Amino acid sequence: MASRLASRLLLRRPAAVLSLLQSSRHARHFSTQLLEGAPRLPKPTCERYFLRNASPYQIWSRSFASENGDLVEAVVPFMGESVTDGTLANFLKSMHLPLSVIQVVNVYAPDMLFAAEPGDRVEADEAIAQIETDKVTIDVSSPEAGVIEKFIASEGDTVTPGTKIAVISKSAAPSEAHVAPSEETSQKETPPPPPPEKPKVEAKSPKVESVKPQASKLASPSEPQLPPKERERRVSMPRLRKRIANRLKDSQNTFALLTTFNEVDMTNLMKLRTDYKDEFVKKHGVKLGLMSCFVKAAVSALQNQPIVNAVIDGDDIIYRDYIDVSVAVGTSKGLVVPVIRDTEGMNFADIEKGINSLAKKATEGALSIDEMAGGTFTISNGGVYGSLISTPIINPPQSAILGMHSIVQRPVVVDGSILARPMMYLALTYDHRLIDGREAVLFLRRIKDVVEDPRRLLLDI
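Under the working numbering, the first residue of the sequence shown is numbered 89, with each subsequent residue one higher.
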């Protein structure tokens, strides 16, 4: 019944079919199976799709394969040793009405002269989609230059390496859909519909008083008024955000978290930076920031208190003789923690270059799995956002994290005098199962001493 109705609609009212097709944003193919006795185009395949928002009928379709073998497929690339799947976050390109749909329409409605509107043009190795994993966002690139023929997967799908995402036609050329002049002329000659009559304003009814009991009921204090659901939006949580949430909650459930605080006078470090910033840039090509000094101070403190650089593994304690510092970087998609490796052998310039490179990749979403794997200690600088004080959460499976905060001018006592000094609060959150308060306080005290007098790093005292 439905197929006969659709057949009559296509043969008798091609304009209605065109409107139906144009209303379907994700239409892939148009059906020839609905047209009884109609000639079939060569080499059909058996893929079936549903034209969304097109009609109340499900229109099953046949796609028509290219005879010259010019179709190539874009697939999900390898995502890393520890990553088995990801979520198709979004398409960076779009696909319009495919050629196979237009072929069917032109066969059965030639007077409409409807031309194909292929998808976006892509170049070789150009990103056409993004895959979100637990740690990074990975691009799916086009293997060849051409035009997008169709999308195989949908946004929100879980995909694995090798999954087909899209089909690209190497020989297709972009063009725009158009309608024959006769159709446009007939539309122009059609007189506009008369303006709708204004509704008559009814006379005010004296029965307004009957609404008062209902209004008083709605205003009852026993029934609080909630915002309407139309003012709320429900969206799927990104895969990266899910991973962050799970790791932070696991940290709270696993570790015996305890935070100790101290404050540091930034006067000498800021003066050192002001005195040598121009020469530092001239020689090393990067600016001298505060983070490099805190990384060097953390390295010194970790060497003095190696238990902070250790980790619990079952009934064992693993001591690391290397120091890989994770630096927390906030991005629009969430918090990522790239790792600067072997910091014990780096100078200030090496650390600054490493931080700048990783921060740029994090902002562009170009960090690899290897650049975020591992790490023995984390530094998080909430001061760049104006945070005065906080209690950071340990980044598993590490045992401690240092929180930096904003620099604020505060009155302090210096040699018996009250002076205004640039002060920063420091916070060290640690796993109390492994690290005692004594080691934690001595660790934080070492960082304070080195930052307040950077010459200690040169003299190793």
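Positions of the beta carbon are idealized from the N, C-alpha and C atoms, including for glycine.
This structure is a prediction, so every number in the text was calculated from the model and none was measured.
Between the alpha carbons of residue i and residue j, how many angstroms are there, rounded?
i	j	result
L446	V171	20 Å
F343	C381	28 Å
V539	F436	13 Å
L376	N356	14 Å
R329	G168	19 Å
Q146	L423	Note that Q146 has pLDDT 34, beneath the 50 cutoff, so the model's placement of it is unreliable and the number below is only indicative. Taking the straight line from one Cα to the other gives about 43 Å.
P485	I236	44 Å
D407	G463	This sequence places Tyr at residue 407; Asp is not what is there. Each residue's Cα considered, the two are about 13 Å apart.
Y473	L360	24 Å
R543	G418	31 Å
P315	L336	31 Å
D548	A385	11 Å
A454	I489	25 Å
G207	P312	51 Å
V160	I256	5 Å
G471	R321	31 Å
V383	K536	12 Å
S339	L546	36 Å
E432	A177	39 Å
L577	A515	Since the first residue of the chain shown is 89 and the last is 549, residue 577 is not available in this structure.
D541	Y364	16 Å
K181	S259	18 Å
A333	T347	20 Å
K331	G174	Per the sequence presented here, residue 331 reads as Arg, with Lys not at that position. When rounded, the distance between both Cα atoms is 12 Å.
So residue i is in the beta strand (DSSP E); what residue range does that whole segment cover?
i	result
V164	Where V164 is concerned, there is no enclosing beta strand (DSSP E), given that its DSSP letter is neither H nor E.
P480	Careful: P480 lies outside any beta strand (DSSP E) and carries neither H nor E.
E220	215–220
V502	496–502
V228	225–229
G491	488–492
G234	234–239
K258	Where K258 is concerned, there is no enclosing beta strand (DSSP E), given that its DSSP letter is neither H nor E.
Y513	505–519
Classify residue i: buried if its beta carbon has 16 or more other beta carbons within 10 angstroms, exposed otherwise.
i	result
P480	buried
M434	buried
L532	buried
F465	buried
G373	exposed
Y513	buried
T362	exposed
A398	buried
S487	buried
S388	buried
R534	buried
F179	buried
N550	Examination of residue 550 is not possible in this model, given that the chain is present from 89 through 549 alone.
Just to confirm the assignment, what range does the alpha helix (DSSP H) spanning residue i have?
i	result
R533	525–540
L314	Per DSSP, L314 belongs to no alpha helix (DSSP H) and is neither H nor E.
R543	543–547
Using 9 Å as the threshold, is the C-beta distance between residue i and residue j below it?
i	j	result
M354	M460	no
L530	Q391	no
D404	D430	no
V369	I253	no
D524	I400	no
R327	T451	no
V210	S230	yes
V228	I216	yes
I457	V224	yes
S468	G442	no
M358	V415	no
V396	A528	yes
L507	V500	yes
A212	E232	yes
Within the present structure, is the beta-carbon of residue i separated from the nearest heavy atom of the ligand GTP by less than 8 Å?
i	result
V374	This structure lacks the ligand GTP; in fact it carries no ligand of any kind.
At what residue ranges does the stretch 385–460 contain a whole run of the beta strand (DSSP E), taking only runs of 3 or more?
-> Taken in chain order, the complete beta strand (DSSP E) segments of 3 residues or longer contained in the stretch 385–460 are 399–401, 404–406, 413–415, 417–419, 422–424.
Please list the segments of the alpha helix (DSSP H) lying wholly inside the stretch 320–386, counting only runs of 4 or more residues, in order along the chain.
-> 327–342, 355–372
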